[in-house]
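Once you know that position 117 of the sequence shown is 117 in UniProt numbering, the rest is easy, because the numbers rise by one and skip nothing.
This report refers to the structure that appears directly beneath it.
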Amino acid sequence: MSIVCEIDSQVLTDVRKTFRTAVNTGFNVCLAKIDRKKLLIVPDKVLTGVSIEDVVDELPDDSPRYLTLSYKMITGDGRASYPLVFIYYCPPTTSPELAMLYASSQQIFQNRLNLGKVYMLHESEELTEEWLNEKLLKFGN
């Protein structure tokens, strides 16, 4: 039987507040993690106006995270777009139990955030602006 975690209201507040603020150059990211004792998705960190390298540096090597991310992307016709993306990060060194806990709660969290652009990331080093642009262009932005 899979376990689905509840979502701390502070996570939803952080996401709304972060992405409602003025658009800046750089990446805006809300990282969330699961409190295993409470079976609750809780805020981990909020990063605003940072580089993608700063985001990668915040990802742990042995524990999953949920990332809600926005940045300025220039489309093929030169327009500025600010996509809101949900990334489920699960490194290969994650224990199977923890990976299952995060995977079973991912869909409900994604739905609560009302996000359609969802990507899976296994290696933190793969997270680059080029990787994001490639994924978003396939999605049709």
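Beta carbons are placed, not taken as given, at the ideal position from N, Cα and C, and that holds for glycine.
Please name the residue, chosen from Thr128, Ser9, Leu132, that lies closest to Lys117 on a Cα-to-Cα basis. Here residue 117 refers to the residue found at position 117 when the sequence shown is read from its first residue. With distances taken between Cα atoms, Lys117 lies closest to Leu132.
For Arg65, the residue or residues it bridges with in DSSP: Here residue 65 corresponds to residue number 65 of the sequence shown, with the count starting at 1. Tyr89, per the DSSP bridge assignment.
Could you compute how far the alpha carbon of Pro96 sits from the alpha carbon of Thr18? Locating residue 96 in the sequence shown gives position 96, counting from the first residue. Locating residue 18 in the sequence shown gives position 18, counting from the first residue. Distance between the alpha carbons of Pro96 and Thr18 is about 32 Å.
Can Pro60 and Val11 be called in contact, C-beta distance under 7 Å? Start at 1 with the first residue of the sequence shown, and residue 60 comes out as number 60. Start at 1 with the first residue of the sequence shown, and residue 11 comes out as number 11. Not closer than 7 Å, so no.
Who are the Cβ neighbours of Leu84 in its own chain at under 8 Å, not counting the five residues just before and after it? In the sequence shown, counting from the first residue as 1, residue 84 sits at position 84. Closer than 8 Å at Cβ, skipping near neighbours: Phe19, Thr68, Leu69, Ser70, Leu115, Lys117.
Enclosing alpha helix (DSSP H) for Tyr102 [first to last residue]: Along the sequence shown, read from residue 1 onward, the residue named residue 102 stands at position 102. 96-113 is the span of the alpha helix (DSSP H), which, as asked, contains Tyr102.
Which one of Leu113, Arg112, Ala99 has the shortest CA to CA distance from Met120? Within the sequence shown, residue 120 is the residue found at index 120, counting from 1. For the residues Leu113, Arg112, Ala99, the minimum Cα distance to Met120 belongs to Ala99.
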